[in-house]
Amino acid sequence: MVPRLRWRFALGVNHGPLSKPKPTHVAVIGAGMAGLVAADALVRGGAACRVTLIEPSGRAGGVIGTVHHDGWLVERSADCFLAARPEGQALVSRLGLEHDVVGVEPGARRALIWAGGRPRRAPQGFRLMAPSRVAGILGTPVLSPVGRLRLLWERLVPSRRVGSPDDDESLESFAVRRLGREAFERLVQPLASGIWTADPSRLSMAAACPEFLAMEREWGSLWAGERARLRRQPGGADAAGARYGQFVTLASGMESLPRRLAEELRRLGVRFVEGRVTGVGKMPDGRWHLDAACLEGDATTVDAVVVAAPTYVAATVLRGVDPDLAAELAAIEYAGSCIVSLGYARDDVFHPLDAAGMVVPRTAGRRILAASFSSSKFPGRAPEGCVLIRVFVGGALDPGVMRLEDGELVALARRELAELLGARGKPRLVRVERWDHAIPQYHVGHSARVARIDALVDLHPGLALAGAAYRGVGIPQVIASGQAAAKRCLTATRAS
Ligand SMILES: Cc1cc2nc3c(=O)[nH]c(=O)nc-3n(C[C@H](O)[C@H](O)[C@H](O)COP(=O)(O)OP(=O)(O)OC[C@H]3O[C@@H](n4cnc5c(N)ncnc54)[C@H](O)[C@@H]3O)c2cc1C
């Protein structure tokens, strides 16, 4: 059957003359950031390599997407990435997108937290769970006087005895133990839920927040660890909630990154096929067979495979190859969330929106997790005289949100913004994004599970996994996972 294609086919430019050895043929399953980066690293890896990239949606980027509408620029999911890690910036530069990079507006480099019935500034010098400024803690209205003193006491809390370097603990247990329950409930839980949309009683410190775990182990306290970090990297002492100065976006929208990368891959001869892989099989000669209605003939047999689809897909397609591996992959849970983007006339929102956004503690008893003030954070997100706010609902602790109709979600988001930020009147832009099973959950023990997955994958030379489910959900970490998967395939195929 000839595959139905919206994507242009291109044959591998790395095909050499007949006398040269046949290029290694690698299939990459999934064209999210991980799959695109893996394909890129494969074709640029120095060896003759032919890459087929298989993706059911007919577009590159996976969850990353940008919508442009009448002067509004709405990110469907990710709206920025951490520039402190090198992978994102390096890719952006290589693709010639440096001119498009913009940082968070200086006036918006802080988080608001809903506390005591109003939005309050996150304490100055407090980064996710690491305090660095006594005055910032003593002066914060987010905590009671007792809660502030307990947080200041953190430097005297003894470190936990660790049995092994892999010893894990939940974010809730760690934060309550070190900072006190009030600081956990009013600061850490809302700030963390804005990032991981996870259940903090299950979220793994070792997998999600290794930096803070290391501070305790190395410096004895978060206070000491954060101050040591600031001595090494001055300039971050004004963090209020997160290090907003270290996040960047693309002025033209985040989708420019995968789109430009896909264009580059086509230029390099990567073959894009629209379709779904339903199974992968290992052949007696060490090569791999792909079950996919969109492929036929020789195209179904490859020398190596990168599975860059979510783990619940990877588990299904790899069941016949290794049931133990499939079981480990299937055990990684995903949470869903919805983003309701609302655009208002500036005059219709009472709050000045002078921050990157606002997070709402679970103890407030509201359904909203966070509101991101897109037009305050980055230029060009809303037409002149208007503001764009993205409202996040759902997450691991409120899965019921996914069952609401779009109209109910919009009504919920409008109600929350009216009560929390004084947003009145009819929004000029309304957009709902549903992210069902989109965010891998790093539960306690995740790092050990990933180590078991690595050991099982090692039994199958020519097989590699990539994506957000393993070593970090942020875009730079996902890029790193795609690069590592490509390296693994190239090493295996060179050795064979
Ligand atoms: C709502 C939301 C907000 C986020 N915000 C940020 C942020 O601000 N900053 C940040 O750094 N990160 C953010 N992230 C995380 C980051 O965007 C993701 O971790 C990353 O883009 C995931 O890339 P991926 O390639 O691993 O997975 P995906 O993007 O999920 O791609 C997987 C691909 O596999 C394909 N696929 C599925 N089944 C098959 C099959 N059977 N055969 C072939 N292909 C298949 C899918 O169609 C998809 O294209 C956010 C994520 C979400 C969901």
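For the sequence shown, numbering that gives the first Met the number 0 begins at 0 and goes up steadily by one. Just so it is clear, CB atoms sit at the ideal spot from N, CA and C, and this is done for glycine as well.
- The criterion of a C-beta distance shorter than 8 angstroms is not satisfied by Gly481 and Ala206.
- Short of 8 angstroms from the beta carbon of Arg185, and not among the five residues preceding or following it, lie these beta carbons of its own chain, in chain order: Ile112, Ala114, Val141, Leu142, Gly146, Pro360, Thr362.
- Here Ala412 is actually not in contact with Val443; their C-beta atoms are around 32 angstroms apart, not less than 8 angstroms.
- The three-state secondary structure of Asp346, taken from DSSP, is helix.
- Here the C-alpha atom of Thr490 lies approximately 39 angstroms from the C-alpha atom of Ser192.
- Cβ contact annotation for Glu74 (same chain, cutoff 6 angstroms, sequence separation greater than five): Thr65, Met253, in chain order.
- Cβ-Cβ distances below 8 angstroms link Ala326 to Ala314 in the same chain, with the five nearest sequence neighbours on each side left out; the list follows chain order.
- Per DSSP, reduced to three states, the secondary structure at Cys208 is coil, with no helix or strand assignment.
- For Gly280, the CB contacts under 6 angstroms within the same chain, skipping 5 residues up- and downstream, are His288, Gly319 in chain order.
- Residue pairing by DSSP places Trp113 opposite Pro118 in a beta bridge.
- Thr277 sits in coil when the DSSP states are folded into three classes, being neither helix nor strand.
- Per the coordinates, the alpha-carbon of Asp453 lies some 17 angstroms from the alpha-carbon of Ala37.
- Following the DSSP letters along the chain, one finds Phe246 inside the beta strand (DSSP E) bounded by residues 246 to 249.
- Using a 10 angstroms sphere on the CB of Phe349, the tally of other CB atoms stays under 16, which defines it as exposed.
- Straight-line measurement puts the Cα of Leu148 at about 40 angstroms from the Cα of Trp434.
- For Val449, there is no enclosing beta strand (DSSP E); the enclosing alpha helix (DSSP H) has its first and last residue at 445 to 456.
- According to the DSSP assignment, Ser76 belongs to no alpha helix (DSSP H), since it is labelled neither H nor E.
- The C-beta distance from Arg108 to Gly244 rounds to 6 angstroms, short enough to meet the 8 angstroms contact threshold.
- For Ala326, there is no enclosing beta strand (DSSP E); the residue is part of the alpha helix (DSSP H) that begins and ends at 322 to 329.
- Beta-bridge partners assigned by DSSP to Thr300: His288.
- In this structure, Ile28 lies near Ala307, with their beta-carbon atoms less than 8 angstroms apart.
- Ligand 1 has no heavy atom closer than 7 angstroms to the beta-carbon of Ser255.
- Cβ neighbours of Ala334 within its own chain (closer than 6 angstroms, five residues either side excluded): Thr196, Gly394, Ala395, Ile438, Gln440.
- Pairing Val301 with Ala26 gives a Cβ-Cβ distance under 8 angstroms.
- Trp71 is not a Cβ neighbour of Gly424, given a cutoff of 8 angstroms.
- For Val276, the CB falls within less than 7 angstroms of some heavy atom of ligand 1.
- CA-CA distance, Phe125 to Asp397, rounds to 27 angstroms.
- Per the DSSP secondary-structure output, Trp434 pairs in a beta bridge with Ser336.
- In this structure, Ser340 is the residue among Ile474, Arg117, Ser340, Gly473 with its C-alpha nearest to the C-alpha of Val409.
- In the DSSP annotation of this structure, the continuous segment of the alpha helix (DSSP H) that includes Val312 starts and ends at 310 to 316.
- C-alpha of Arg389 to C-alpha of Ser371: approximately 5 angstroms in a straight line.
- Beyond the five residues adjoining it in sequence on each side, Glu263 comes within less than 8 angstroms, by CB distance, of Asp39, Leu94 in the same chain, given in chain order.
- Sorting Thr248, Arg270, Val304 by C-alpha distance to the C-alpha of Pro475 places Thr248 at the top.
- Within its own chain, the residues whose Cβ lies closer than 6 angstroms to the Cβ of Met214, once the five positions on either side in sequence are excluded, are Leu221, Gly224, listed in chain order.
- Of the residues assessed, Leu458 falls on the exposed side of the cut-off, its CB having fewer than 16 other CB atoms within 10 angstroms.
- For the options Ile331, Asp346, Arg366, the alpha carbon positioned closest to that of Val449 is the one of Ile331.
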